[in-house]
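**Student:** Going by mature numbering (1 follows the signal peptide of the UniProt record, and there is no 0), the letters in the sequence shown line up with residues -31 to -1, 1 to 670, in that order.
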Amino acid sequence: MMRLFSALRSPLITGALSASLILGTAVSTFAEPVETTSEMKVTATRTERELSEIPSSLSVVTEEEIIRHGYTSVADILQDVPGVEIYDQSLSGAKRINIRGESGSRVLIMVDGQKITEQKSMDGAPLLIDPNQIERIEVMKGPASVLYGSEAIGGAVNIITKKGGDKPLQASANLTYNSSTDGFQENLALYGGAKGFSYRLNGTRSDQGDRETPSGTLEDSGSETTAGSAFLGYETGKLAMGLNVEGYSSEIESPPTVVDGYPFDLDLPEWSRKKAGVTFDIKELSTAIANIHLDAYTQKTEKEFEQRMLIDMGPMGTYKQALDTYNDQKTYGATAQVDIVPAANHYLIAGYAYTHDSLDAESTLDFDDLGGRILPPPPMGRPGPSTDPVTTTNDANMTTHALFLQDEWLLPSDFILTLGGRQTWVKSELEESNAPKAKIGSTRDSHPVFSGGLTWNGIKGLTLRGNVSQGYRFPGIDKLFIGTNHGGQTTTLANPDLSPETSINYEIGARLDTNTWGMDLTAFYNIADDYIHSTLISGNTYIYNNVDKAETHGVEASINYAIRPLHLTPYLSGAWMKRKFDTEELSTWKTDTPEFSGRFGMRYETNLATRPATVWADLWMRAATESELEQTDEDNPGKTDIKTKGSWQTLNIAFGSEFGKDRQYHVSLNLNNLLDESYQTARNTLEEAGFHAVARVGVSF
């Protein structure tokens, strides 16, 4: 109870609560019209389509959901998408996403269709984007390699950003407070549009302190971020062009931990992304050419990564190891696409995609003597001094060319057949390195992937679909040439002879969208081969190899029912999933995957009768069953070790209002983890926040 009063003590939260209660005193007795989700426009097929026409599994998170729940990171926005998990890798400010059991390194992240690549990372591309500039997020589950390339073997996330406005001068301001970190996020935006021109300037600052958990304060778990973006566009009836510049910088702390009985600490003093991109579209050039699209971008990501730990070297003494890593990656990308209508019942897209990543990686390793010896004791030697720092540098690059083709074929009886293919050519090269075991050279690969989907829309509001798609993932530069030394005492060597990972996915589904019912059901089965994993060579030295296979099957569901006379909507979204790993040493279904996970609750929303305002409330439970991870026991050959994380559930409530003539003001209050549950999600290493409040107020004019 004291935690509750403490969370509600903030003036911002108190104000949000008061405004919500005042506005909720009088409600309309009429049901509001609701835009059906099947009419929502999405771009998952690289051209604008209604959601009902998409043959694959797709979830969409809207700007309204982001605003109402006060999300301050992209990862948190995606946590309730069926089949998606969020994990932190001990860095609360640098969460990644997992789709259908596939880790972040197998999920493609895009901003406005342009990739965020990461060639030397703990696990995939970072989510370095300001949530305040997001219009919507499209989550493609299952292989999306045909349209989006190598990194999308497990799925793809396309973040669509806000552009201009409908008046010459508009502005917005938002403030969010999170009591679990005693942190604020402030955002300002200036935007508008007139005579075909549009623009937007956006800036955000976030300062999140240490996380409060049921077990106490999680020391050194804070983060700071700053972000800014600018957009300038011009559009006439048939021509559209845009210029976008983005910057995102973060400083992230990690709570200290213990490895083999000794303290271990890591931090990210900098993880930043800078990007400039252009787009160009010509619409309806002729009756046969529906659209020509060109885009290009340049992007730079920088990361500083620090590790500190103590190492017991027996008679040689105890040493403090410091490993400092700096990665500078530059990316250049371009896409050319033409949409063709060769016949009345065909819509064809054909395109070319280019990406070039250039990586400069530098690591400095230093040992400091803490009173031990680096030589055997006398008479064989004397106590030795600390070692000199050793700096390793690697310069590498990867170039990708791809051709893709997709045909939407309108068939009789309301069927649509979608067939696609992609041919990818990749070259990866280590240009320079002073690492002792580095192999200067290059490796190449070319690989085709295909997909086929069928949808049926014979009944209004109902779509049945089936889809088969192949996935492909070429190894990253770190696994081919550089290797890793995360964790202190273990080293994983690179392997330039690695093969690409491949997969095939089968799924069937149904979407129902009526005046009262909304439903999206998907059943899927995925087989992946040649998974890259580290295998032991000797001692504490490993090497990357193609050794794993994975089999995943499950069902994802999103269901809601509108009780219009009461303005209530009960809903459920979640997934049942099983995942199996096969390696040389082990075959197991215990893969750190909860069998059931999801969210269910009740929403209330209505317009007030006495003033221009909408009030809403949401009561829900978020939950997951236990997860088990079985691995080989390196200290006991032939045996395995099983780690278990218990099931968990949190009770949450949120309420708020959008008010004013144009609904230009909004206020919301989210009370999360009401029962102060202590828990960790499946792949997380950090305890989640206990009971806390998130308040958001904003205005646009």
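Each residue gets a CB set at the ideal place from its N, CA and C atoms; glycine is no exception.
Keep in mind the model is a prediction, meaning the values are calculated, not measured.
For residue 746, name the three-state secondary structure that DSSP assigns.
**Tutor:** Residue coverage of the chain in this structure runs from -31 to 670, which leaves residue 746 outside it and unanswerable.
**Student:** Need the endpoints of the alpha helix (DSSP H) that Leu644 sits in, please.
**Tutor:** First-last for Leu644: undefined, no H or E at that position.
**Student:** Which runs of the alpha helix (DSSP H), 4 residues or longer, sit entirely within the stretch 157 to 222?
**Tutor:** Qualifying alpha helix (DSSP H) stretches: none in this window.
**Student:** How far does the beta strand (DSSP E) with Leu144 in it extend, from its first residue to its last?
**Tutor:** Counting along the chain, the beta strand (DSSP E) containing Leu144 begins and ends at 139 to 147.
**Student:** From the DSSP output, in three-state form, read off residue 671 for me.
**Tutor:** With the chain represented from -31 up to 670, any question about residue 671 goes unanswered, as that position is not in the structure.
**Student:** Kindly give me the distance between the Cβ atoms of Arg75 and Gly111, rounded to whole angstroms, as I take these residues to be in contact under 8 Å.
**Tutor:** About 11 Å; that fails the 8 Å criterion.
**Student:** Report yes if the CB atom of Ala592 is closer than 8 Å to the CB atom of Thr650, and no otherwise.
**Tutor:** No, these two residues do not count as a Cβ contact at 8 Å.
**Student:** With C-beta atoms as the reference, is Trp486 less than 8 Å away from Tyr530?
**Tutor:** Closer than 8 Å, so yes.
**Student:** Would you say Ala578 lies against chain B (beta-carbon separation less than 8 Å)?
**Tutor:** Among the chains in the structure shown there is no chain B, since it carries only a single protein chain.
**Student:** Would Gly302 and Tyr266 qualify as a contact pair, given that the criterion is a beta-carbon distance under 8 Å?
**Tutor:** Yes, Cβ-Cβ distance for Gly302 and Tyr266 is below 8 Å.
**Student:** Take Thr12 as the anchor and find which of Leu279, Leu116, Leu467 has the nearest alpha-carbon.
**Tutor:** Thr12 has its Cα closest to that of Leu116, out of Leu279, Leu116, Leu467.
**Student:** Could you give the distance in angstroms between the alpha-carbon of Leu433 and the alpha-carbon of Ile477?
**Tutor:** Cα to Cα, the separation comes out at about 8 Å.
**Student:** Secondary structure at Asn509, three-state DSSP: helix, strand or coil?
**Tutor:** Asn509 falls in the coil class under three-state DSSP.
**Student:** With DSSP as the reference, please indicate the residues paired to Trp56 in a beta bridge.
**Tutor:** Note that residue 56 is Tyr in the sequence shown here, rather than Trp. Bridge partners of Tyr56: Arg65.
**Student:** Can you name the residues that DSSP bridges to Glu627?
**Tutor:** Answer is Thr583, His635, bridged to Glu627.
**Student:** From Glu204 to Leu138, what does the alpha carbon distance come to, in whole angstroms?
**Tutor:** So the two alpha carbons sit approximately 17 Å from each other.
**Student:** Buried or exposed for Gly427, please, with buried defined as at least 16 other CB atoms from any protein chain shown within 10 angstroms of its CB.
**Tutor:** Its Cβ having fewer than 16 others within 10 Å, Gly427 is exposed.
**Student:** Tell me whether Ser382 is buried or exposed, calling it buried when 16 or more other Cβ atoms sit within 10 Å of its Cβ.
**Tutor:** With fewer than 16 other Cβ atoms within 10 Å, it is exposed.
**Student:** Just mark His315 as buried or exposed, buried being the case when its beta carbon has 16 or more other beta carbons within 10 Å.
**Tutor:** Looking at its Cβ environment, which holds fewer than 16 other Cβ atoms inside 10 Å, His315 is exposed.
**Student:** Near Thr294, which residues of its chain fall below 6 Å by C-beta distance, leaving aside the five closest residues on each side in sequence?
**Tutor:** So the qualifying residues of the chain are Phe274, Ser332.
**Student:** Helix, strand or coil: which one does DSSP assign to Ser556?
**Tutor:** It is a strand residue.
**Student:** Within 10 angstroms of the Cβ of Gln276, are there 16 or more other Cβ atoms? Answer buried if so, exposed if not.
**Tutor:** The residue is buried, with at least 16 neighbouring Cβ atoms inside 10 Å.
**Student:** Flag this pair as yes or no: are the beta carbons of Gln600 and Thr613 separated by less than 8 Å?
**Tutor:** No.
**Student:** Starting from the C-beta of Glu520, find all residues in its chain whose C-beta is less than 6 Å away, skip the five residues before and the five after it, and write them out in chain order.
**Tutor:** Closer than 6 Å at the Cβ level, and outside the excluded window around Glu520, lie Ile496, Lys549.
**Student:** For Ala125 and Met79, which I take to be in contact (beta-carbon distance under 8 Å), what is that distance rounded to the nearest angstrom?
**Tutor:** Yes, they are in contact, since the Cβ atoms of Ala125 and Met79 sit about 7 Å apart, within 8 Å.
**Student:** Per DSSP, what kind of secondary structure is Asn101 in: helix, strand or coil?
**Tutor:** Three-state DSSP puts Asn101 in a helix.
**Student:** Hey, is the stretch 511 to 518 in contact with the stretch 536 to 547, meaning 3+ C-beta pairs nearer than 8 Å?
**Tutor:** With the cut-off at 8 Å, the stretch 511 to 518 and the stretch 536 to 547 do not touch.
**Student:** Unbroken beta strand (DSSP E) runs of length 3 or more, entirely within the stretch 428 to 456: which are they?
**Tutor:** You should have 431 to 442.
**Student:** Over what stretch of residues does the beta strand (DSSP E) that includes Glu400 continue unbroken?
**Tutor:** Residues 384 to 402.
**Student:** Could you check whether the stretch 557 to 575 touches the stretch 79 to 96, counting it as contact only if at least three pairs of C-beta atoms, one from each stretch, sit closer than 8 Å?
**Tutor:** No, the stretch 557 to 575 is not in contact with the stretch 79 to 96.
**Student:** Hey, Thr461 and Gly452: beta-carbon distance below 8 Å or not?
**Tutor:** Closer than 8 Å, so yes.
**Student:** Pairs of beta-carbons, one from the stretch 25 to 37 and one from the stretch 166 to 173, closer than 8 Å: are there three or more?
**Tutor:** Segments in contact, no.
**Student:** Return the CA-CA distance between Pro534 and Glu574, expressed in angstroms with no decimal places.
**Tutor:** Distance between the alpha carbons of Pro534 and Glu574: 11 Å.
**Student:** Please state whether DSSP places Ser255 in a helix, a strand or coil.
**Tutor:** Here Ser255 sits in coil by DSSP.
**Student:** Apply the 10 Å Cβ neighbour rule to Lys406 and answer buried if 16 or more other Cβ atoms are within range, or exposed otherwise.
**Tutor:** Exposed, since its Cβ has fewer than 16 Cβ neighbours within 10 Å.
**Student:** Alpha carbons only, please: which of Asp326, Leu317, Ala305, Asp308 is nearest the one belonging to Asp297?
**Tutor:** When only C-alpha atoms are compared, the closest one is Asp326.
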